[in-house]
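Asker: For reference, the structure I am asking about is given below.
There are 2 protein chains.
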Amino acid sequence: MGITKSEHFTDHQNELANVLKALGHPARVAIVEYLIQHKQCICGDIVNELPLSQATISQHLRELKQVGIIQGNIEGNSICYCLNPLVFEQITKFMGIVIESVMKNKCC
Amino acid sequence: MGITKSEHFTDHQNELANVLKALGHPARVAIVEYLIQHKQCICGDIVNELPLSQATISQHLRELKQVGIIQGNIEGNSICYCLNPLVFEQITKFMGIVIESVMKNKCC
DNA sequence: AAATATAATCGTAATATTGCAATATAGATT
DNA sequence: AATCTATATTGCAATATTACGATTATATTT
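Going down the list, the protein sequences come from chains A and B.
In case it helps, numbering that gives the first Met the number 0 puts the first sequence at residues 0 to 107.
In case it helps, numbering that gives the first Met the number 0 puts the second sequence at residues 0 to 107.
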């Protein structure tokens, strides 16, 4: 099929999964890491950094933006992208709950 | 194409992306949440919990296991699965670095 | 040993993702 | 206004993912 049965899951589960899926590609991890170092970028910066075409980079940026991982502000000719902290706080919170739970009870 | 050009990225980027991709599906988020609450499960528990077939659940469990998110121990007839804290610590560390970076510098 | 219980695997269909060339769009510059 | 620069979009091919029925494998129970 290839189609996820989203309707059977909670909004929270779908939203978290969407964000994590967006981060689940090495090029998009690389883009986030570029933004960690340089704080901001335009599409062309990433095109110069990664061995992927401009069209492909643009697509990856769109996916990251769609789930709120980055935000883009138009600056004249180009678009300035940067990280959105809120999303990462959400993810960290989830991961924290997992870790806390695991620590309390060892595996069978 | 549908094929990720993994060879162009670092091991760290590929590994992190693989773990996040594995968590990037609502059913697999739901499995992790089940494990947070119940500490452990067998395949049949999840089959009873989620509206997906046994074959599909088994596949999702295998994906989670492949990237080290869960571990499975054979217990007679069935297999007991539980969470592996190490992976989540890795993810949290990455997320923490992102947040720290973002806090230092607002967007353009 | 036959029957049952549990879970993995195989085969397959439907759909999604990845990547790129080509093209389109929009602001900046001459 | 013509050109340049930066990026988005479209269309397409190759591959991956999701899901399930059917089957298989293994351990347990009768």
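For every residue, glycine included, the Cβ atom is placed at its ideal position computed from N, Cα and C.
List the residues of chain B that Glu-88 (chain A) touches, going by C-beta distances under 7 Å, in chain order.
Answerer: Going along chain B in sequence order, the residues near Glu-88 (chain A) (Cβ under 7 Å) are Ile-98.
Asker: Asn-83 (chain B) by DSSP, collapsed to three states: which one?
Answerer: Of the three classes helix, strand and coil, the one that applies to Asn-83 (chain B) here is coil, per DSSP.
Asker: Using beta-carbon positions only, say whether Val-18 (chain B) and Ile-98 (chain B) come within less than 8 Å of one another.
Answerer: Cβ atoms of Val-18 (chain B) and Ile-98 (chain B): not closer than 8 Å.
Asker: Is DSSP giving Gln-70 (chain B) helix, strand or coil here?
Answerer: DSSP places Gln-70 (chain B) in strand when its eight states are reduced to three.
Asker: When you check each C-beta in the stretch 18-29 of chain B against every C-beta of chain A, which residues fall closer than 9 Å?
Answerer: Answer in chain order: Val-18, Leu-19, Lys-20, Ala-21, Leu-22, Gly-23, His-24, Pro-25, Ala-26, Arg-27, Val-28, Ala-29.
Asker: Taking only beta-carbon atoms, is Leu-15 (chain A) less than 8 Å away from chain B?
Answerer: True, the Cβ-Cβ gap to chain B drops below 8 Å.
Asker: Quick check: the Cα distance between Met-102 (chain B) and Pro-84 (chain A), rounded to an integer number of angstroms?
Answerer: About 7 Å.
Asker: How far does the alpha helix (DSSP H) with Leu-22 (chain B) in it reach, from first residue to last?
Answerer: Element bounds for Leu-22 (chain B): 10-22.
Asker: Can His-24 (chain B) and Ala-16 (chain A) be called in contact, C-beta distance under 8 Å?
Answerer: For His-24 (chain B) and Ala-16 (chain A), yes; Cβs fall inside 8 Å.
Asker: Quick one: residues in its chain with C-beta nearer than 7 Å to the C-beta of Cys-40 (chain B), no 5 flanking neighbours on either side, listed in chain order?
Answerer: Tyr-33, Leu-34, Tyr-80, listed in sequence order.
Asker: Let me check one thing: in DSSP terms, what residues is Ser-52 (chain A) bridge-paired to?
Answerer: Beta-bridge pairing links Ser-52 (chain A) to no other residue.
Asker: How should Gly-43 (chain A) be labelled, buried or exposed, when 16 other C-beta atoms within 10 angstroms of its C-beta is the threshold for buried?
Answerer: Exposed.
Asker: Alpha carbon to alpha carbon, how far is Ser-100 (chain B) from Lys-38 (chain A)?
Answerer: So the alpha carbons of these two residues sit roughly 8 Å apart.
Asker: Using beta carbons (cut-off 8 Å, strictly below), is Val-31 (chain A) in contact with chain B?
Answerer: Output row for Val-31 (chain A): interface = yes.
Asker: Should Gln-39 (chain A) be counted as a contact of the ligand FMN given a C-beta to heavy atom distance under 7 Å?
Answerer: Annotation note on the ligand FMN: not contained in the displayed structure, which lists no ligands.
Asker: By the 8 Å beta-carbon criterion, what residues does the stretch 68-93 of chain B contribute toward chain A?
Answerer: If the cut-off is 8 Å between Cβ atoms, the stretch 68-93 of chain B has Gln-70, Asn-72, Glu-74, Cys-79, Cys-81, Leu-82, Asn-83, Pro-84, Phe-87, Glu-88, Ile-90, Thr-91 near chain A.
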